[in-house]
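One structure below.
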Amino acid sequence: MDKKRIVNIIGKILMVLSIVFIAVKIYRYNLDFSVLFEKNILIAIALSAIACGFSTYFLSPFGFVRILGVVSPKKILARKIRYTYCKSNLYKYLPGNVMHYVGRNQIAVDEGIAHSEVITASVLEVITIVITSCILSLVLSYSYFIQWFETNGFSWKILVIAAVAVIIAAVLAVVFRKKAAEFISQHKSLLSKKMAGEILISAFVYTVNFLVTAFVSAYLIVIITGTDYSALPKLCGLSVMAWLIGFITPGAPGGIGIRESVMCMFLATNDTTSTSGILTAVLLYRIVCILGDVIAFLIGVVGEKAGGGNGQN
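Just so we're aligned, residue 438 is where the sequence shown starts under the working numbering, counting upward by one.
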């Protein structure tokens, strides 16, 4: 049995396991689904899931596609990369929160490129996403963060976590400095003007993607809790920050539980917003995100069938 066929079989197994884990997670939310019988809520969820699906398919893989195009000398159809990207994206719901990155390596097998090129594109993508999300969350919710910390105090745990993260990063930089220098010298495209341009363009596209998904989150909170629409920018910023914390938390499949906890922590202190309403809204948003990931994968499937493996970007 050849390597490509083995990878395809493993991919199908991971897909089935991902769907099972997604179903289990939704079931364990114990959400009061009676809210779905309200017509405006049901329509909002359906439209939000579709918006997230298209955003996940066209915008989420953008940076990875462009960066890989610079890193790898072989030209690969963007459609093919998006399809594998969105399929692998469902693997993030498996325990460990890293399987979606592992799944992307099917691109290397299918297209005959080096696995290191796929990994490099993923690393640069993550760095771009983290920096972009930090800037966006601060721009949208800076004043709210200051007000919240003035009221509730700055937890020493956050300082410890930040300090540990900085120390680990510094140690890794020292330990692997020679290998990093050697790798960069072999891949001079990483420091090229073209790469810098692609990263800047990708950062802009990621900003748009974050705004789409964050608006969905904020809108659900507004219509379910009755919060004033003027709070939308602040809620968008909090949503981006909550996503980032869930994204970087090791072992949390798709950030499940982390995002919800962060949103509730920052919003539950607001006397005008009910805790139950917040919880309902953030859980519905999680379901919308899951449905969006599934829709993005289905768009990829349709694209692959229509393209017959040889369509245009």
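Glycine residues also receive a C-beta, built at the ideal position from the N, C-alpha and C atoms. It should be emphasised that the depicted structure is a prediction, and the values quoted were computed from it without experimental measurement.
{"Query": "Which residue wins for smallest C-alpha separation from L573, given the options I478, C523 and F647?", "Result": "F647"}
{"Query": "Give every residue of the same chain whose Cβ lies closer than 6 Å to the Cβ of A733, excluding the five residues on either side of it in the sequence, and list them in chain order.", "Result": "G490, T493, Y494 and C523"}
{"Query": "If you draw a straight line from the C-alpha of V677 to the C-alpha of C571, how long is it?", "Result": "8 Å"}
{"Query": "The alpha helix (DSSP H) spanning G683 covers which residue range?", "Result": "L669 to I685"}
{"Query": "Distance check for K511 and G634, CA to CA, integer angstroms please.", "Result": "19 Å"}
{"Query": "Thinking C-beta only, is Y528 closer than 7 Å to G540?", "Result": "yes"}
{"Query": "Within 10 Å of its beta-carbon, does H537 have 16 or more other beta-carbons around it, so buried, or fewer, so exposed?", "Result": "buried"}
{"Query": "Can you list, in chain order, the residues of its chain whose CB lies under 6 Å from that of V535, leaving out five sequence neighbours each side?", "Result": "none"}
{"Query": "If you draw a straight line from the alpha carbon of F499 to that of V603, how long is it in whole angstroms?", "Result": "29 Å"}
{"Query": "Taking the continuous alpha helix (DSSP H) assigned at D665, which residues delimit it?", "Result": "Where D665 is concerned, there is no enclosing alpha helix (DSSP H), given that its DSSP letter is neither H nor E."}
{"Query": "Would you give the residue range spanned by the alpha helix (DSSP H) that A515 belongs to?", "Result": "A515 to N526"}
{"Query": "Pick helix, strand or coil for K512, following the three-state DSSP scheme.", "Result": "coil"}
{"Query": "State yes or no: is the C-beta of A558 within less than 7 Å of the C-beta of V508?", "Result": "yes"}
{"Query": "By Cβ distance, which residues of its chain are closer than 7 Å to I695, with the 5 residues on each side in sequence left out?", "Result": "I682, G683, T686 and A689"}
{"Query": "Would you kindly work out how many angstroms separate the C-alpha atoms of N747 and C673, rounded to a whole number?", "Result": "Here the model assigns N747 a pLDDT of 48, short of 50, so the residue's position is not dependable, and the following value carries that caveat. Roughly 39 Å separates the two Cα atoms."}
{"Query": "Where do the ends of the alpha helix (DSSP H) carrying A545 lie?", "Result": "Q543 to E548"}
{"Query": "Which of the three DSSP states is assigned to V719 in this structure?", "Result": "helix"}
{"Query": "Along the chain, where does the alpha helix (DSSP H) containing S698 start, and where does it finish?", "Result": "I695 to L704"}
{"Query": "Just the Cα atoms here: how many angstroms apart are T709 and G663?", "Result": "Because T709 sits at a pLDDT of 44, beneath the cut-off of 50, its placement in the model cannot be relied upon, and the following sentence gives the value as read from the coordinates. So the alpha carbons of these two residues sit roughly 9 Å apart."}
{"Query": "With a threshold of 8 Å on Cβ separation, who are the neighbours of K631 within its own chain once the five nearest residues in sequence on each side are excluded?", "Result": "V507"}
{"Query": "Roughly how many whole angstroms lie between the Cα atoms of I556 and E475?", "Result": "45 Å"}
{"Query": "Once the 5 residues before and after E554 are set aside, which same chain residues still bring their CB inside 6 Å of it?", "Result": "V508 and S509"}
{"Query": "Taking the alpha-carbon positions, what's the L496 to V645 distance?", "Result": "8 Å"}
{"Query": "If you drop the 5 nearest sequence neighbours on each side, which residues of the same chain put their C-beta closer than 7 Å to that of A817?", "Result": "The requested residue 817 does not occur in the structure, where the chain is confined to residues 438 to 750."}
{"Query": "Closest to L484 by CA distance: which of E697, Y656 and L704 is it?", "Result": "Y656"}
{"Query": "Alpha carbon to alpha carbon, what distance is there between Q543 and A718?", "Result": "36 Å"}
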